[in-house]
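Residues in the sequence shown are numbered from 236 upward in steps of one, following our numbering.
Since the structure comes first, as C-alpha cells, the remarks are kept for the end.
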Amino acid sequence: MAELLRLDKYLADLGIGSRSELKLWIRKGKVTINGEVCIKPEAKVSIHSDEICFEGNQLSYVGLVYYMLNKPMGVVSATADNLFETVLDLIEEKQRKDLFPVGRLDKDTEGLLLITNDGELAHQLLSPKKHVDKVYYARVKGMVTEEDKEAFLIGVDIGEDDLTLPAKLNILTYDDISEVELTLHEGRFHQIKRMFEAVDKEVIYLKRLSMGTLILDEKLALGEYRELTQDELNALKKINQ
Ligand code: URA
236 MAELLRLDKY
246 LADLGIGSRS
256 ELKLWIRKGK
266 VTINGEVCIK
276 PEAKVSIHSD
286 EICFEGNQLS
296 YVGLVYYMLN
306 KPMGVVSATA
316 DNLFETVLDL
326 IEEKQRKDLF
336 PVGRLDKDTE
346 GLLLITNDGE
356 LAHQLLSPKK
366 HVDKVYYARV
376 KGMVTEEDKE
386 AFLIGVDIGE
396 DDLTLPAKLN
406 ILTYDDISEV
416 ELTLHEGRFH
426 QIKRMFEAVD
436 KEVIYLKRLS
446 MGTLILDEKL
456 ALGEYRELTQ
466 DELNALKKIN
476 Q
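Structure, rendered in C-alpha cells:
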C-alpha cells in the first residue's frame with residue numbers, strides 16, 4: 236500500500252465522509268496534521284508516521300482488512316439492520332465504517348463469510364463473469380438421488396429466465412434426510428433452497444464451506460472470526476488475475 240496518501244482520500248478511506256464533504260471540512264480547518272491545521276485536501280500524509288486528527292480526535296489508518304467469519308444463524312448479512320443483529324455487529328475491530336460482507340448468506344445459513352473494506356476484491360469475487368466456486372454443505376428433507384445430481388449438472392428451473400448454471404452435487408448420505416455438498420459457480424437469491432425446491436425437496440440446514448480458494452477454518456466457532464493469513468489473501472487475489 237502506498238505510504239503517502241492525499242489527506243481527503245485518507246479520511247474517506249476511514250469512512251469519515253464523502254470526498255466532497257471532506258474537502259469542505261478540511262478547508263474549514265477541522266483537520267490537523269501533527270498538531271497543525273491543514274486546509275489543503277491535496278496535502279500528502281504518511282499513513283505510518285503522520286498524526287491526523289479530525290475535530291480533535293486522533294485517527295488511525297488501518298488500510299485494507301480481511302476477516303473470515305463463521306456466520307451463525309439468526310444474523311443478517313448486511314452492514315446495518317433495524318431488526319436483527321448484523322454480521323458486522325460481530326466484528327469488534329470496527330473502527331472503520333467501511334467494512335462490508337462479500338455477498339450474502341441467508342439469515343438461517345451458517346458458515347464462511349468474508350468481511351472486508353476491499354471493494355475491488357469483493358467486486359472480482361462476486362462478478363458473475365468470474366464464476367468463483369462456492370461450496371456448501373446441506374441437510375435436505377427427502378431422499379436426494381442420482382437424478383437430482385444429473386438435473387443440477389444440467390441446470391434447473393428456479394423460476395427465472397435462465398436455468399441455473401451447472402452445479403456439482405456430491406451425495407454424502409441419503410435417507411429421509413440426506414446430506415450433500417453442492418458446488419455453485421453463481422450466487423442467486425436463495426439459490427440452493429430454490430434448486431432443491433425445484434426437485435421437490437427442502438433444505439433444512441445450510442452452511443458455506445468455501446469461496447474460491449478460501450476455506451472456512453473449522454477452528455472458528457460460530458460467531459468467531461479471524462484475519463485472513465497472507466497466503467489466503469494472496470491465493471484469493473490470484474483468482475482474479
Ligand atoms: N443458497 C441459499 O439458498 N441460501 C444461502 O444462504 C446461500 C445459497
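Note that beta-carbon positions come from the ideal geometry of N, C-alpha and C, so glycine has one too.
Item	Value
Give the range of the alpha helix (DSSP H) segment to which residue 469 is assigned.	465 to 474
Is it buried or exposed for residue 315, if we count other Cβ within 10 angstroms and need 16 for buried?	exposed
Let me check understanding here. Comparing Cα to Cα, which of 338, 311 and 444 lies closest to residue 325?	311
Touching or not, the stretch 418 to 434 and the stretch 392 to 402, by the rule of three or more beta carbon pairs under 8 Å?	yes
Can you tell which of 412, 421 and 247 has the C-alpha that lies nearest to the C-alpha of residue 402?	421
In this structure, does DSSP put residue 354 in helix, strand or coil?	helix
Hey, residue 266 and residue 239: beta-carbon distance below 8 Å or not?	no
When the Cα atoms are used, what is the spatial distance from residue 368 to residue 289?	42 Å
Assuming contact is defined by CB atoms lying nearer than 8 Å, are residue 409 and residue 378 in contact in what I supplied?	yes
Classify residue 428 as helix, strand or coil using the three-state DSSP reduction.	helix
Which residue marks the beginning of the beta strand (DSSP E) containing residue 279, and which one marks its end?	279 to 281
Tell me the rounded alpha-carbon separation between residue 334 and residue 275.	27 Å
How close, in whole Å, do the beta carbons of residue 282 and residue 301 come, if the pair is a contact with beta carbons under 8 Å?	Residue 282 to residue 301, Cβ: 17 Å. No contact.
Cβ of residue 340 within 7 Å of any heavy atom in the ligand URA?	yes
Exposed or buried, what is residue 387 when buried is set at 16 or more other beta-carbons lying within 10 Å of its beta-carbon?	buried
May I have the straight-line CA-CA distance separating residue 306 from residue 381, to the nearest angstrom?	31 Å
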